[in-house]
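Taking this note's numbering, the leading residue of the sequence shown gets 156, the next gets one more, and so forth.
Every residue, glycine too, gets a C-beta built ideally from N, C-alpha and C.
Fair warning: this is a prediction, and the values are worked out from it, not measured in the lab.
The block underneath contains the structure these notes are about, expressed in structure tokens.
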Amino acid sequence: MRTAKEERGSELGDTRQIFLVYLAISMSLSLAAMLAFNWAFRHGSVFTLSNFVGPTARTLLHGEGLTVCSVGLGTIGNPICFHAARMPVPSAAIALGAALVGDRFLWVGLFKLLLLLAPLEAAALLAIRALPLAGWRRMTGLTLLLLPFVMTAFLADVVNLQVEEGYSYSLLALATALVLFRPAARVSWRRVLVFAASAAGLYLAKSSMAPAVLVLTLAFLWPMRRWVWLADSQVAEARRAAPGMTAVTVGVVLLAAGGWAGWQHHAAGRYTFGTSIDGVNLHKGNNALFLARYPPGSGETLDMYDPALNRGHTFADEWSFNDYHQRAAVQFIRTHPRETGVGAWRKLKVLLFSLEKLGSKPRTGLMEVAETGGLVLFRLLFWAALLLSLRALLRGGGERGGRRSAAAVFLLIVGAVALPYVVGFAYTRHVSVLIYPSALLLCRMLAEPEGSQGMRQGLH
Numbered sequence: 156m157r158t159a160k161e162e163r164g165s166e167l168g169d170t171r172q173i174f175l176v177y178l179a180i181s182m183s184l185s186l187a188a189m190l191a192f193n194w195a196f197r198h199g200s201v202f203t204l205s206n207f208v209g210p211t212a213r214t215l216l217h218g219e220g221l222t223v224c225s226v227g228l229g230t231i232g233n234p235i236c237f238h239a240a241r242m243p244v245p246s247a248a249i250a251l252g253a254a255l256v257g258d259r260f261l262w263v264g265l266f267k268l269l270l271l272l273a274p275l276e277a278a279a280l281l282a283i284r285a286l287p288l289a290g291w292r293r294m295t296g297l298t299l300l301l302l303p304f305v306m307t308a309f310l311a312d313v314v315n316l317q318v319e320e321g322y323s324y325s326l327l328a329l330a331t332a333l334v335l336f337r338p339a340a341r342v343s344w345r346r347v348l349v350f351a352a353s354a355a356g357l358y359l360a361k362s363s364m365a366p367a368v369l370v371l372t373l374a375f376l377w378p379m380r381r382w383v384w385l386a387d388s389q390v391a392e393a394r395r396a397a398p399g400m401t402a403v404t405v406g407v408v409l410l411a412a413g414g415w416a417g418w419q420h421h422a423a424g425r426y427t428f429g430t431s432i433d434g435v436n437l438h439k440g441n442n443a444l445f446l447a448r449y450p451p452g453s454g455e456t457l458d459m460y461d462p463a464l465n466r467g468h469t470f471a472d473e474w475s476f477n478d479y480h481q482r483a484a485v486q487f488i489r490t491h492p493r494e495t496g497v498g499a500w501r502k503l504k505v506l507l508f509s510l511e512k513l514g515s516k517p518r519t520g521l522m523e524v525a526e527t528g529g530l531v532l533f534r535l536l537f538w539a540a541l542l543l544s545l546r547a548l549l550r551g552g553g554e555r556g557g558r559r560s561a562a563a564v565f566l567l568i569v570g571a572v573a574l575p576y577v578v579g580f581a582y583t584r585h586v587s588v589l590i591y592p593s594a595l596l597l598c599r600m601l602a603e604p605e606g607s608q609g610m611r612q613g614l615h
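Set out below in structure tokens:
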């Protein structure tokens, strides 16, 4: 008969083997996707990346902040120098990659892939450690964690260098996993620090993730409120640590937000928690011609209409540009409530139901088939997670508290991620960041099936 120590060693060994299988498959598929998507650009310079990411990476390396002068937002004949148009994580990651391996597209792409896959692999490890040691639930969980790697919408985030989702997808996954797969009454300082760093990084990768960061932070801290009332000597240490852990978590997140606002004031003359292109992004989704242009046609984006939104106006700097578009969008929302409501419903349909890839160039042949098949799989995964979450909430007392809490957190994350795009505008890539959280939620349900005594303990 094996001792408790031998049992724990066996569990760790089994978990390690499963994770190594996951790691080998996920890395192989990611590298294959990177070569397939980026091989044609392998000799190009990353400083030519679109969405201002390339130019701002260059200026970062030269000590000039996130500066780019451009007419790229439709200000034809009126170039504007932007200092506050990008959140820092994408540009900083590209700049770091270029400094380490040179500015060739393929090598920086490999660096970014490995850098941003690390949080995702950590999220998967948390899920694997919580799954039962054997049986169909463990294999089903492993399959769910690998399924996103056959979806082109997800792989696009893994390999993409110029869109913010390519940096936020894995940070969102890790923060979600740290909330969903947590011990009932013990949280280590390491977990607190990793969560705080992932939440702060998520916000600094994309400002529209701020509502999701708020939800995740509250969900991470919420269980600690109960520790104060626990009398069991086994949780005394956790009870004493709770105030400090709460302060550190909130402090790191606030430091990220406050530090970014201070940077923006230093670089661009205004304290802001977002960017100086938030106004035009809001205007793109709220104007008199939006319903005629949205959803955009195959291979089209709303960017092509930027010159029309700027027509007749000249802008002295980035803030006059931002403020004009923000005022115009807010005025439209106030005076056209019906059109705004119809537009919001269209955006919601894109986020929740669309099987068409919107907001990027079209694919043909086998790639088009693969994209459509991947979107079908995504919707099945996504809606399975939504429906199971709703079921867990509606069953009330028939569900264990852990399952209900996980369900509530997932639904709130979905709402928080979707909200900025319902207000602004939505593409497929905006909702693709929910692919992995959906897989994690399903694994969470597998880890604590109905009628069980909770998740497997001892490895968290």
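- Task: Report, in whole angstroms, the separation of the C-beta atoms of ILE488 and ALA240, which I expect to be a contact under 8 Å.
- Result: No, ILE488 and ALA240 are not in contact; Cβ-Cβ is about 23 Å, not under 8 Å.
- Query: Start and end of the alpha helix (DSSP H) containing PHE202?
  - Reply: Here PHE202 belongs to no alpha helix (DSSP H), and DSSP marks it neither H nor E.
- Going by DSSP, name the residue or residues bridged to PHE237. VAL223
- Query: DSSP on ARG448, reduced to helix/strand/coil?
  - Reply: Note: ARG448 maps to helix in three-state DSSP.
- Can you tell me whether MET522 is buried or exposed, with buried defined as 16 or more other CB within 10 angstroms of its CB? exposed
- Query: Are LEU457 and LYS439 close, meaning C-beta to C-beta below 7 Å?
  - Reply: yes
- Query: Can the beta-carbon of SER544 be found less than 7 Å from the beta-carbon of LEU566?
  - Reply: yes
- Beta-bridge pairing of ARG259 - partner residues as DSSP gives them: According to DSSP, which records beta bridges pairwise, ARG259 is partnered with SER200.
- Message: Which of the three DSSP states is assigned to GLN481 in this structure?
- Response: The answer is helix: DSSP assigns GLN481 an H, G or I state.
- In the structure shown, what three-state DSSP assignment does THR211 receive? helix
- Task: Assign SER325 to buried or exposed, taking buried as 16 or more other Cβ atoms, counted over all protein chains shown, within 10 Å of its Cβ.
- Result: buried
- Message: Between which residues of its own chain and SER205 is the CB-CB distance below 6 Å, once the five residues before and five after are set aside?
- Response: GLN317
- Return helix, strand or coil for ILE488, following the three-state DSSP convention. helix
- Measure the CB-CB distance between TYR582 and ALA328 and report whether it falls below 7 Å. Going by C-beta atoms, TYR582 is not nearer than 7 Å to ALA328.
- PRO462 in three-state terms, based on DSSP: helix
- Message: Suppose contacts are defined by Cβ-Cβ distances below 7 Å. Is LEU568 in contact with VAL370 by that definition?
- Response: With the sequence shown as reference, residue 568 is identified as Ile, and Leu is not the correct amino acid for it. Taking 7 Å as the Cβ cut-off, ILE568 and VAL370 qualify as a contacting pair.
- Task: For THR307, I'd like the list of residues in its chain whose CB is within less than 6 Å of its CB, leaving aside the five on either flank, ordered along the chain.
- Result: ALA525, GLU526, GLY529
- Query: chain C beta carbons: is any one of them nearer than 7 Å to that of ALA212?
  - Reply: The structure shown has no chain C; it contains just one protein chain.
- Query: Hey, quick one: how far does the alpha helix (DSSP H) through SER587 stretch, first residue to last?
  - Reply: Here the alpha helix (DSSP H) through SER587 covers 583 to 587.
- Item | Identity of the residue in LEU215, GLY199, PHE174 nearest VAL263 by Cα | For the residues LEU215, GLY199, PHE174, the minimum Cα distance to VAL263 belongs to GLY199.
- Task: Could you have a look at TYR421 and say whether DSSP puts it in helix, strand or coil?
- Result: This sequence places His at residue 421; Tyr is not what is there. If DSSP states are grouped into helix, strand and coil, HIS421 belongs with the helices.
- Query: CB THR372 to CB ALA354, shorter than 7 Å?
  - Reply: If you check the CB distance, THR372 and ALA354 come in under 7 Å.
- Query: How far does the alpha helix (DSSP H) with GLU294 in it reach, from first residue to last?
  - Reply: Per the sequence presented here, residue 294 reads as Met, with Glu not at that position. 291 to 301 is the span of the alpha helix (DSSP H), which, as asked, contains MET294.
- Query: If you draw a straight line from the C-alpha of VAL342 to the C-alpha of GLY413, how long is it?
  - Reply: Rounded to the nearest angstrom, the two C-alpha atoms are 26 Å apart.
- Query: In terms of residues, what are the limits of the alpha helix (DSSP H) holding MET522?
  - Reply: 520 to 549
- Whole-angstrom Cβ separation of ASN111 and THR230, contact assumed at under 8 Å? Here the chain has residues from 156 to 615 only, and residue 111 is not among them.
- Roughly how many angstroms separate the alpha carbons of ARG584 and LEU348, rounded to a whole number? 29 Å
- Apply the 10 Å Cβ neighbour rule to THR469 and answer buried if 16 or more other Cβ atoms are within range, or exposed otherwise. exposed
- LEU510 versus VAL256 - alpha carbon distance: Whole-angstrom Cα-Cα distance: 38 Å.
- Message: Using the three-state DSSP reduction, which class does ARG337 fall into: helix, strand or coil?
- Response: coil
- Task: Note the first and the last residue of the continuous alpha helix (DSSP H) segment covering ALA352.
- Result: 344 to 360
- Query: How far does the alpha helix (DSSP H) with GLY434 in it reach, from first residue to last?
  - Reply: 433 to 439
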